[in-house]
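Engineer:
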Amino acid sequence: MKSDIEIAQSAKMLPILRVAEKMGLTEDDIDLYGKYKSKISLDVLKRNENKKDGKLILVTAINPTPAGEGKSTVTIGLAQALCKQGKNAVIALREPSLGPVFGVKGGAAGGGYAQVVPMEDINLHFTGDMHAITAANNLLSAAIDNHIHQGNELGIDSRRITFKRVMDMNDRALRNIVVGLGGKPNGFVREDGFMITVASEIMAILCLSENLMDLKERMGKILIAYDMRSNPIYCKDLKVNGAMALLMKDAIKPNLVQTLDNTPAIIHGGPFANIAHGCNSLLATKMALKLGDYVVTEAGFGADLGAEKFFDIKCRYGNLKPDCVVLVATIRALKHHGGVKKDKLNEPSVEALSKGITNLEKQIENIKKFGVPVVVAINKFMTDTQEEINYISEFCANVGVKVALTEVWEKGADGGQELVSKVLDTLQNEKSNFKVLYEEKLTIKEKINIIATEIYGADGVEYSSSANKQIAEIEKLELDKIPICVAKTQNSLSDNPSLLGRPRNFTINVKEVKISNGAGFIVALTGSIMTMPGLPKVPAADKMDISEDGTISGLF
51 MKSDIEIAQS AKMLPILRVA EKMGLTEDDI DLYGKYKSKI SLDVLKRNEN KKDGKLILVT
111 AINPTPAGEG KSTVTIGLAQ ALCKQGKNAV IALREPSLGP VFGVKGGAAG GGYAQVVPME
171 DINLHFTGDM HAITAANNLL SAAIDNHIHQ GNELGIDSRR ITFKRVMDMN DRALRNIVVG
231 LGGKPNGFVR EDGFMITVAS EIMAILCLSE NLMDLKERMG KILIAYDMRS NPIYCKDLKV
291 NGAMALLMKD AIKPNLVQTL DNTPAIIHGG PFANIAHGCN SLLATKMALK LGDYVVTEAG
351 FGADLGAEKF FDIKCRYGNL KPDCVVLVAT IRALKHHGGV KKDKLNEPSV EALSKGITNL
411 EKQIENIKKF GVPVVVAINK FMTDTQEEIN YISEFCANVG VKVALTEVWE KGADGGQELV
471 SKVLDTLQNE KSNFKVLYEE KLTIKEKINI IATEIYGADG VEYSSSANKQ IAEIEKLELD
531 KIPICVAKTQ NSLSDNPSLL GRPRNFTINV KEVKISNGAG FIVALTGSIM TMPGLPKVPA
591 ADKMDISEDG TISGLF
C-alpha cells in the first residue's frame, strides 16, 4: 500500500470554493488561502444562528500506544462513510502541531484512505494560525520584560512571573532558561522558560472564544505575574491585549479543507489533551453544527483526557450536547495494555488481549458517566486475527455496547460502513442524557478528586507543598469557581505512564496548580508531565526531504 503522503499527493481535490458551496456557503463567506484552503467568515455563524444544530458525534479512544490509535483516521473515515450514504456530514478537527510532526507521533491529518488534504499544508504551516498564536503569546512576554526594564511601574516581582514564552517545536533545551544576560541594555536577568505553542493559554483562549472581542477580553484576563505585595497582575494591566487580538484577527476564523473524497473538513485550533483541553475550537464545532446534519469531531488521546475535557470544559462553556461517542480501540494497544512489548504487538495473543481489555472496559464506563451512548470502533490493522476481533466483539456484547470493525485506513469510506450503521442506529434509538461530571462551584480539590477517582480510578490525590500554596492563592483571588484541566500522561489512566491496563490502588500526584484565567480553567499538573516535549532519539524529521521540483517525501 502507498504511504500516507503518496495517497494524499494523488488525491483529486476540488477547488475549495466548490467544497464551500456543498455547505451552502458563497464566495463572500470565505477567504481563499490558495486553491485548496480557506478561512470561513464568522458572519456565517450569525447568519445561521436560528438554524437547528446537526447531530454531534465525538470520537475518542482508549489509552494509546506512543503512535496513537487512529482517532483522526476514524473521525475522517466515519464522515466519509456518512457522505457515501448520502448524509450531509462535516468534520471538525484540531490543527496539527509541528512538534509531533517532526517528533514521534505524527500530525493529525488522518492516514491511509481516510485523510484530510492538502496533507502537507495542514501538517506544516497551514494558514498560519500556530504562528499567530506564537506571536501573540511572545508579544506579551516581550511586554512583560520591557515593562520591568522601563521602570516597572506595576512593581512586577520578576521572581513570580507566571507567563512563559512558546514555540511550536519540541525543544527540551528551552524548558528552563535565563533571559536578560549581557548587561543593563538587555534588561533584568531572570529565569524563564518555553512551552510548546499548543500549551499556550492563547491557544486555549482561541479555542473557547465566541468572537474576536471575546478573545480580546479573555486575553486581557490572563494572570501574568504578581507584584511585590503578592497582588495579581493581568495582561490588561500592560495594555497589550488589543495588539495581541490584532495578531489573531485571521487566526480566529476556522479553516476549511476537504477529505480525500471531498467531504468538508473544518480544522481549527489544536491544544494537546495531555497538557491542555485537547479539542478544536468552539467556533469550528458550532459552525459545523449549523452547516451539517452530522458533525464528527475528535478529542485528543484517551477518553480519560480528551473526552473528559471535551465534556467538562468545552461542552460546559459552549452549551453543547453530544449525541453519540465513538470509542476507538486497537488490538495492538489492548495487547500493549496486557503487557506485550512493542516489538511483539504484531503477534496474535488473545491471552494478552484478555488482560489489556480492562482499559477498554474502564473507558466505556467513563463515557457512560456523562450520559452519552457509546459505540466501540475496532480500528483494524492488517496483523489482527479473527479470533482477536471476535474476543473484543463478545466482550462489548457482554457489557451492552455496540461494536463495529473499522477499516477506513485501508478502504476509506467503504471501510466505515459497518461503523456508520451502528452510529446511525444509536442516534435513532438511544437518547443522549448528557451531563457534566462535577459542579464548577465546588472547591479546587473537590473537583480534582472527582476527576481522579471517577475517571482515572484513583484512590485519592496527593498535593505537593507548592501545589497547596498555589491552590490557596487562587482561592484567595476568588478565581477558583471554574472547571479543572488536568495535565497528565496519555499512556495510562494513572499519572504513571508505566501503569497500563486498568490500574488500581494508586494516587494521583499533583505537583503544580496554575490558573488559566483567560481561558477559564485551572490546570493541575500531575506526575512528570512537561509542557515542552523533547525530540526522540530518531526524530521523524530524519526521514523527511524535499526534491528540486518541490515534492515532499517522508511526511508519514
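The sequence shown runs 51 to 606 under our numbering.
Glycine included, each C-beta is placed from N, C-alpha and C at the ideal position.
In this text, all values refer to a predicted model and were calculated from it rather than measured experimentally.
(1) Going by CA-CA distance only, name the one from F244, A574, I602 that's closest to K495.
(2) Using a 10 Å radius around the Cβ and a threshold of 16 neighbouring Cβ atoms, would you call T347 buried or exposed?
(3) Tell me where the alpha helix (DSSP H) around I407 begins and ends.
(4) What does DSSP give as the partner residue(s) for D599 in the beta ladder?
(5) Closer than 7 Å by C-beta to G74: which residues in its own chain qualify, once you throw out the five before and the five after it? Chain order, please.
(6) If you draw a straight line from the C-alpha of V239 to the C-alpha of V140, how long is it?
(7) A454 and Q413 - do their beta-carbons sit closer together than 7 Å?
(8) Determine the contact status of L549 and G507, defining contact as a CB-CB distance below 7 Å.
(9) Quick check: the Cα distance between M432 and I112, rounded to an integer number of angstroms?
(10) Tell me which residue opens and which closes the alpha helix (DSSP H) that N518 is part of.
(11) Determine the direct distance from the alpha carbon of K385 to that of K391, and round the result to whole angstroms.
(12) Quick one: using the 10 Å Cβ neighbour count with 16 as the cut-off for buried, is H175 buried or exposed?
(13) Tell me the DSSP secondary structure of P282 in three-state form.
(14) Smallest Cα separation from P235: which of G201, N261, E267?
(15) Go through its chain and collect everything with a Cβ distance to D530's Cβ below 6 Å, but skip five positions before and after it.
(16) Here's the rule I'm using: 16 or more other beta-carbon atoms within 10 Å means buried, otherwise exposed. How should G136 be labelled?
(17) Taking C-beta to C-beta, are A193 and L297 nearer than 7 Å?
(18) When burial is assigned at 16 or more other CB atoms within 10 Å of the CB, is E203 buried or exposed?
(19) Distance, Cα to Cα, N546 vs T539?
(20) Cβ atoms of A402 and G388: under 7 Å apart, would you say?
(21) Nearest to N396 by CA position, among A383, H199, G406, S404, is which residue?
(22) Mind checking whether A349 and G328 have CB atoms under 7 Å apart?
(23) Please return the same chain residues whose Cβ sits closer than 7 Å to the Cβ of Y276, not counting the five positions on each side in sequence.
(24) By DSSP, does G654 sit in helix, in strand, or in coil?
(25) I need the boundaries of the alpha helix (DSSP H) containing A193, first residue and last residue.
(26) Once DSSP output is grouped into helix, strand and coil, what is the label at G577?
(27) I'd like the list of long-range same chain contacts for Q308, defined as Cβ closer than 8 Å, with 5 residues on each side in sequence excluded.
(28) On the DSSP letters alone, give me the boundaries of the alpha helix (DSSP H) that Y441 sits inside.
(29) Taking C-beta to C-beta, are D103 and A301 nearer than 7 Å?
(30) To the nearest angstrom, report how far apart E56 and T456 are at their CA atoms.
(31) Note the first and the last residue of the continuous alpha helix (DSSP H) segment covering I66.
(32) Who pairs with D343 in a beta bridge, going by DSSP?
(33) Quickly, what does DSSP pair G161 with across the bridge? List them, please.
(34) Looking at the secondary structure, which residues open and close the alpha helix (DSSP H) in which A129 lies?
(35) Counting C-beta neighbours from all protein chains within 10 Å, is the total for D393 16 or more, i.e. buried, or is it exposed?
(36) Starting from the Cα of S514, find the closest Cα among T335, K561, V473 and give me that residue.
Structural biologist: Here's the rundown:
(1) Ranked by how close their Cα comes to the Cα of K495, the residues F244, A574, I602 have A574 in first place.
(2) Per the 10 Å Cβ criterion, buried.
(3) 400–418 is the extent of the alpha helix (DSSP H) around I407.
(4) In DSSP, D599 forms no bridge with anything.
(5) Closer than 7 Å at the Cβ level, and outside the excluded window around G74, lie L341.
(6) Whole-angstrom Cα-Cα distance: 50 Å.
(7) Taking the C-beta atoms as reference points, A454 is found no nearer than 7 Å to Q413.
(8) Their beta carbons are not under 7 Å apart, which means L549 does not touch G507 by this criterion.
(9) Taking the straight line from one Cα to the other gives about 19 Å.
(10) That run of the alpha helix (DSSP H) goes 515–526.
(11) Answer to the nearest angstrom: the Cα atoms are 9 Å apart.
(12) Answer is exposed; the Cβ neighbour count stays below 16.
(13) The answer is strand: DSSP assigns P282 an E or B state.
(14) The shortest Cα separation from P235 among G201, N261, E267 belongs to G201.
(15) Here the set comprises I494, I524.
(16) Taking all protein chains shown into account, G136 has fewer than 16 neighbouring C-beta atoms within 10 Å of its C-beta and is therefore exposed.
(17) No, they are not a contact pair.
(18) Burial check for E203: the Cβ neighbour count within 10 Å stays below 16, so the residue is exposed.
(19) Taking the straight line joining both Cα atoms gives about 7 Å.
(20) The answer is yes: Cβ separation under 7 Å.
(21) With distances taken between Cα atoms, N396 lies closest to A383.
(22) Cβ distance < 7 Å, so A349 and G328 count as in contact.
(23) So the qualifying residues of the chain are D207, R210, P282, I283.
(24) Residue 654 lies beyond the residue range present for the chain, which begins at 51 and ends at 606; the question has no answer from this structure.
(25) In the DSSP assignment, A193 falls within the alpha helix (DSSP H) that extends over 179–199.
(26) Residue state, collapsed to three classes: coil.
(27) Cβ within range, chain order: M63, L64, I66, V69, Y86, V166, V167, P314, A315.
(28) Per DSSP, Y441 belongs to the alpha helix (DSSP H) from 436–448.
(29) In terms of Cβ geometry, D103 and A301 do not form a close pair [threshold 7 Å].
(30) Near 22 Å, if we compare the C-alpha coordinates of T456 and E56.
(31) Taken as a continuous stretch (DSSP letters only), the alpha helix (DSSP H) holding I66 covers 66–72.
(32) None, per the DSSP bridge assignment.
(33) Per DSSP, A164.
(34) Counting along the chain, the alpha helix (DSSP H) containing A129 begins and ends at 121–134.
(35) Exposed is the call here.
(36) For the residues T335, K561, V473, the minimum Cα distance to S514 belongs to K561.
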